[in-house]
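Q: In my numbering, the protein residues as written are 143 to 505.
The C-beta atom is built at its ideal place from N, Cα and C for all residues, glycine as well.
Sharing a structure here in structure tokens format.
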């Protein structure tokens with residue numbers, strides 16, 4: 143009995159730890175969104191993973207940081223004449239974003255090492271947690287790779303790198319949510335294969351939509367074509383406006399009209415597919431959790447689409463934009479949960495286990 147109690151206690155501790163890390167990542171995404179909306183992301187022009195944790199503490203240090211910012215194109219072309227007080231405002235946003243990244247790294251690594259030391263994680267669970275750690279370490283490098291794109295020839299970061307940075311953060315978030323669900327012992331869902339397929343497509347399509355949304359943010363495409371349901375004079379813009387850049391595929395990433403249009407169309411597709419999935423789940427009598435999860439996903443996508451329209455019509459005010467981003471995280475969470483419900487559950491023998499440490503188990 144003591145061994146079972148210790149195992150249950152460790153399982154609970156792992157769950158609490160992963161929930162806390164997921165919450166920190168969600169907060170990080172929102173702070174990153176605010177950093178982008180306030181044009182603060184290039185205010186720190188150096189990458190100092192350790193010493194950079196401390197902000198400027200003296201007036202001389204503040205002046206040095208400001209002089210570094212003055213040397214990049216964004217200052218010269220957008221913020222020439224900015225005061226030191228104005229610079230401090232954008233600096234604190236970027237510094238907070240980077241500090242939160244360090245906090246997340248510590249909040250993940252230190253408990254993880256502790257659980258490994260106590261023998262609390264093993265098997266597939268341990269391997270999955272190592273992969274998540276590797277993705278987190280990669281994210282730090284991707285963040286600087288993104289910032290570096292705006293320090294020499296551009297006045298903002300590359301939208302390609304911004305989208306990569308955001309999607310990687312949300313991929314880590316989704317992996318943690320999936321792992322949390324895998325720690326819950328539940329029977330497998332018996333449902334038609336098509337429901338499993340559509341749940342997987344919904345999850346993939348959600349990531350595609352998040353990527354397009356990041357491109358919209360990177361290009362500031364939400365500040366143009368601020369009408370709905372029409373865009374550039376029609377529900378579907380003219381082909382010569384959508385595809386004028388060469389080679390043609392660059393329009394998908396660089397043309398503000400095309401990027402906003404594909405973001406809208408993907409939203410419509412997500413909405414329709416989510417409703418079809420929910421109705422199919424009801425007709426197939428796939429179980430209360432599956433049906434409820436499907437309709438919760440429909441509700442979240444509907445709210446997200448509404449917020450997206452309002453954000454567009456009001457030309458991206460920061461409060462609406464951040465709410466839109468927050469609900470996107472909710473949509474992703476619900477899509478992950480729905481897809482996980484259909485994932486095969488292994489037998490007890492093959493389940494990832496939490497192995498209690500011998501020091502915690504009494505004879």
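For the segment 316 to 332 against the segment 161 to 170, are there 3 or more C-beta pairs whose distance is under 8 Å?
A: Counting Cβ pairs under 8 Å, three or more are found: they touch.
Q: Would you grab the beta carbon distance between residue 343 and residue 415 for me? Rounded to a whole angstrom, and I think it's under 8 Å.
A: About 7 Å; that satisfies the 8 Å criterion.
Q: Since residue 351 and residue 408 are thought to touch, with beta carbons under 8 Å apart, how far apart are those beta carbons, to the nearest angstrom?
A: About 5 Å separates the two Cβ atoms, so the contact holds.
Q: Let me check understanding here. Comparing Cα to Cα, which of 227, 469 and 197 lies closest to residue 453?
A: Comparing Cα-Cα distances from residue 453 to each of 227, 469 and 197, the minimum goes to 469.
Q: Can you tell me where the alpha helix (DSSP H) holding residue 407 begins and where it ends?
A: Note, residue 407: alpha helix (DSSP H), 398 to 425.
Q: At the level of alpha carbons, what is the spacing between residue 432 and residue 325?
A: Taking the straight line from one Cα to the other gives about 18 Å.
Q: Leaving aside the five residues before and after residue 179 along the sequence, list all residues of the same chain whose C-beta is less than 7 Å from its C-beta, in chain order.
A: Taken in chain order, the residues that qualify are 460 and 463.
Q: Among 156, 221 and 436, which one has its Cα closest to the Cα of residue 258?
A: Residue 258 has its Cα closest to that of 156, out of 156, 221 and 436.
Q: Would you mind stating whether residue 447 and residue 413 have Cβ atoms separated by less than 8 Å?
A: Contact flag set, yes.
Q: Could you check whether residue 395 and residue 347 sit closer than 8 Å to each other, using their CB atoms as the reference points?
A: In this structure, residue 395 does not lie closer than 8 Å to residue 347 by Cβ.
Q: Return the chain-ordered list of same chain residues with a C-beta closer than 7 Å to the C-beta of residue 173, the five sequence neighbours on each side being excluded.
A: Same-chain partners within the cutoff: 238, 239 and 242.
Q: For residue 150 and residue 275, I'd like the C-alpha separation in whole angstroms.
A: Using only the alpha carbons, I get a separation of about 24 Å.
Q: Quick one: is residue 185 buried, meaning 16 or more other Cβ sit within 10 Å of its Cβ, or exposed?
A: Flag for residue 185 reads buried.
Q: When the distance is taken between beta carbons, is residue 297 closer than 8 Å to residue 209?
A: It is not a contact, given that the beta carbons lie outside the stated cut-off.
Q: Buried or exposed: which applies to residue 170, given that a residue is buried once 16 or more other Cβ atoms fall within 10 Å of its Cβ?
A: It is buried - the Cβ of residue 170 has at least 16 other Cβ atoms within 10 Å.
Q: Is it buried or exposed, residue 482, if we count other Cβ atoms within 10 angstroms and call 16 or more buried?
A: Buried: at least 16 other Cβ atoms inside 10 Å.
Q: If contact is defined by three or more beta carbon pairs under 8 Å, each pair taking one atom from either stretch, is the segment 247 to 265 in contact with the segment 283 to 295?
A: No: the two stretches stay apart, fewer than three of their Cβ pairs being nearer than 8 Å.
Q: Classify residue 188: buried if its beta carbon has 16 or more other beta carbons within 10 angstroms, exposed otherwise.
A: Looking at its Cβ environment, which holds fewer than 16 other Cβ atoms inside 10 Å, residue 188 is exposed.
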